[in-house]
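A.B. asks: Numbering (my numbering), first residue to last: 2 to 253.
Backbone N, C-alpha and C define an ideal beta-carbon position, used for all residues, glycine too.
1. Give the list of continuous alpha helix (DSSP H) stretches no shorter than 4 residues that lie fully inside the region 84-113.
2. Please state the DSSP three-state secondary structure of residue 199.
3. Out of 68, 75, 82 and 71, which has the shortest C-alpha to C-alpha gap to residue 241?
4. By DSSP, does residue 137 sit in helix, in strand, or in coil?
5. Can you look up residue 245 in the DSSP assignment and give me helix, strand or coil?
6. If you follow the alpha helix (DSSP H) that residue 151 is in, where does it begin and where does it stop?
7. Do residue 204 and residue 230 have their beta-carbon atoms positioned less than 9 Å apart in this structure?
8. Is it the case that the Cβ atoms of residue 197 and residue 168 are separated by a distance below 9 Å?
9. When you compare only the Cα positions, how much space is there between residue 202 and residue 78?
10. Between which two residues does the alpha helix (DSSP H) carrying residue 176 extend?
11. Buried or exposed for residue 171, please, with buried defined as at least 16 other CB atoms from any protein chain shown within 10 angstroms of its CB.
12. If you follow the alpha helix (DSSP H) that residue 228 is part of, which residue opens it and which one closes it?
13. Spatial neighbours of residue 30 within its chain, please: C-beta separation below 8 Å, excluding the five flanking residues on both sides.
14. If we ignore side chains and look at the alpha-carbon of each, how far apart do residue 110 and residue 149 end up?
15. Alpha carbon to alpha carbon, what distance is there between residue 95 and residue 136?
16. Mind the definition here: the region 141-159 touches the region 100-119 only if three or more C-beta pairs lie below 8 Å; say whether that holds.
17. Which two residues bound the contiguous alpha helix (DSSP H) that contains residue 193?
18. For residue 68, which of helix, strand or coil comes out of DSSP?
19. Starting from the Cα of residue 219, find the closest Cα among 183, 239, 237 and 252 and give me that residue.
20. Tell me which residues share the same chain as residue 123 and place their Cβ nearer than 8 Å to its Cβ, disregarding the 5 neighbours each side in the sequence.
21. Straight-line CA distance for residue 107 to residue 139?
22. Could you check the C-alpha separation between residue 186 and residue 121 for me, to the nearest Å?
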């Protein structure tokens, strides 16, 4: 039998206590990604995330522990779907959906967890909070956006997640760019590069640095920043989902 998609895999495991292999399902390693995400278009991502949310709510009601088999995997998938919905879903709709998912994760954080589960949930919370900050900013909710940005950075710092910290700094650079604070753009971008590691965040941070430098008239340093970013980008494979808000699109 064909390998089930994540929501059904999660529900089957919670209902039967058995892994899909034990139930006769055969996994195709080349196509066993989370929810066959490659087949989901950005415009459909929010609907897929809603389906996943409902399945997880049911699964959690059927299990004794707060974080059962597949829950963290499904949550990580939900985050990816929400981030992919960002370019096409109205900001208010995405804000409400992200807040709903955050409330679910916060309930799990207050339950029984291993240290590894707690760390993974903090990372998931950090990405959701970063996304929420971006949506708040799009809606003109400046204070809420900054609060979310700071919270995302702090969660990244607590768990040592360099890319999450890098994107939090990138958000600060983005806010400053929109508001015309070009020296602050450069400062935030360089602070982010100090922690972002070899990641999409690093590439985006060099781009923001270049934008800030160009705005203040330093074309030479702007070109150097772009060159550094291109060197980092050249080490990455083409992303499977360039529509993901926290994945640098090579087309840029």
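C.D. replies: With the structure as the only source:
1. 92-110
2. Taking the chain shown and counting its residues from 1, one reaches residue 199 at position 198. Note: residue 199 maps to coil in three-state DSSP.
3. As a first step, residue 241 must be located in the chain shown, where it is residue number 240. Per the Cα distances, 82.
4. If you number the chain shown from 1, residue 137 lands on position 136. Correct three-state label for residue 137: helix.
5. One-based indexing of the chain shown puts residue 245 at position 244. Note: residue 245 maps to coil in three-state DSSP.
6. Against the chain shown, residue 151 aligns to sequence position 150. Element bounds for residue 151: 143-160.
7. Within the chain shown, the letter at position 229 stands for residue 230. Within the chain shown, the letter at position 203 stands for residue 204. In contact: residue 230 and residue 204 (Cβ atoms closer than 9 Å).
8. As a first step, residue 197 must be located in the chain shown, where it is residue number 196. As a first step, residue 168 must be located in the chain shown, where it is residue number 167. Yes.
9. For this step, residue 202 is matched to residue 201 along the chain shown. For this step, residue 78 is matched to residue 77 along the chain shown. Each residue's alpha carbon lies about 20 Å from the other.
10. The residue labelled residue 176 in the question sits at position 175 within the chain shown. Taken as a continuous stretch (DSSP letters only), the alpha helix (DSSP H) holding residue 176 covers 163-179.
11. Locating residue 171 in the chain shown gives position 170, where the first residue counts as 1. Looking at its Cβ environment, which holds 16 or more other Cβ atoms inside 10 Å, residue 171 is buried.
12. To locate residue 228, count along the chain shown from 1; it is residue 227. From DSSP, the alpha helix (DSSP H) with residue 228 extends over 220-234.
13. If you number the chain shown from 1, residue 30 lands on position 29. Residue confidence is low: residue 30 scores 43 on pLDDT, short of 50, so the model does not pin down where it sits. Its coordinate-derived value is still stated next. So no residue of the chain qualifies.
14. For this step, residue 110 is matched to residue 109 along the chain shown. For this step, residue 149 is matched to residue 148 along the chain shown. Straight-line Cα distance between these residues: approximately 18 Å.
15. Residue numbering aside, residue 136 sits at position 135 when the chain shown is read from its first letter. Residue numbering aside, residue 95 sits at position 94 when the chain shown is read from its first letter. Cα to Cα, the separation comes out at about 7 Å.
16. no
17. Sequence index remark: in the chain shown, residue 193 carries index 192 (1-based). Element bounds for residue 193: 183-194.
18. The residue you call residue 68 lines up with position 67 of the chain shown. Here residue 68 sits in coil by DSSP.
19. Numbered from 1 along the chain shown, position 218 holds the residue referred to as residue 219. That would be 183, whose Cα lies nearest to the Cα of residue 219.
20. Looking up residue 123 in the chain shown gives position 122. Closer than 8 Å at Cβ, skipping near neighbours: 110, 156, 159 and 160.
21. Here residue 107 refers to the residue found at position 106 when the chain shown is read from its first residue. Here residue 139 refers to the residue found at position 138 when the chain shown is read from its first residue. Residue 107 and residue 139: Cα-Cα distance of roughly 24 Å.
22. Against the chain shown, residue 186 aligns to sequence position 185. Against the chain shown, residue 121 aligns to sequence position 120. The alpha-carbon atoms of residue 186 and residue 121 are separated by roughly 30 Å.
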